[in-house]
Amino acid sequence: MLLPFILLTLLYRLKINKEDRARISERLGKTNYLRPNGPIIWIHCASVGESLSTLSLVNKIVADYQNIHVLITTGTITAAKILSKKIPERTIHQYVPVDLTIAVRRFLKFWKPSLALWIESELWPNLVTETQKTQAPMILLNGRVSERSYR
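Counting in the working numbering, the sequence shown runs from 109 upward without gaps.
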């Protein structure tokens, strides 16, 4: 039901240069990467500020746990550009999929995260619901959820 609306929104965002044309398939849950062997910690950051705030955590994980890879997802071109210059080895950036069940399932089926960390409170219903189904632990860092949102 929402698919046509979301696809039109993506096309519009492409037109106004708010989406990365070369990587638009990532927004549909696809990837151009090979999945590394071993556990993956998935960190979702909505924006540039959140992305930059996680770099010390990412660097610590990569330095202390040689068998773990980190997947960082963001929703903005600016965050992707900045992260591409700053992320350490064993860290991959991908755009977060749009909140369509099919896109989220495709994303999760490929990456199979061992742990999901959401920075701040950019939470989308299908992203949370489908991640919960994978039984990967989910942690909200530095987040705020109002009583109304919680219900």
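Note that beta-carbon positions come from the ideal geometry of N, C-alpha and C, so glycine has one too. Source: prediction; values computed, not measured.
- Annotation for tyrosine 120: the continuous alpha helix (DSSP H) segment containing it runs 111–123.
- Under the three-state reduction of DSSP, leucine 136 is assigned to helix.
- C-alpha of alanine 171 to C-alpha of arginine 256: approximately 40 Å in a straight line.
- Around the beta carbon of isoleucine 227, 16 or more other beta carbons sit within 10 angstroms, so the residue counts as buried.
- Comparing C-alpha distances from threonine 239 to each of Ala211, Asn250 and Asn145 shows the shortest one belongs to Ala211.
- With a cut-off of 8 Å on Cβ pairs, the stretch 145–162 is not in contact with the stretch 117–128, counting fewer than three such pairs.
- Looking at Lys217, His201 and Asp128, the one whose alpha-carbon comes closest to that of lysine 241 is Lys217.
- Taking one beta carbon from each stretch, the stretch 202–211 and the stretch 123–138 have 3 or more pairs nearer than 8 Å; the two touch.
- Boundaries around valine 212 are those of the alpha helix (DSSP H), 209–219, since no beta strand (DSSP E) includes it.
- For glutamine 202, the uninterrupted beta strand (DSSP E) run begins and ends at 199–203, by DSSP.
- In the DSSP secondary-structure assignment, valine 170 is not bridged to any residue.
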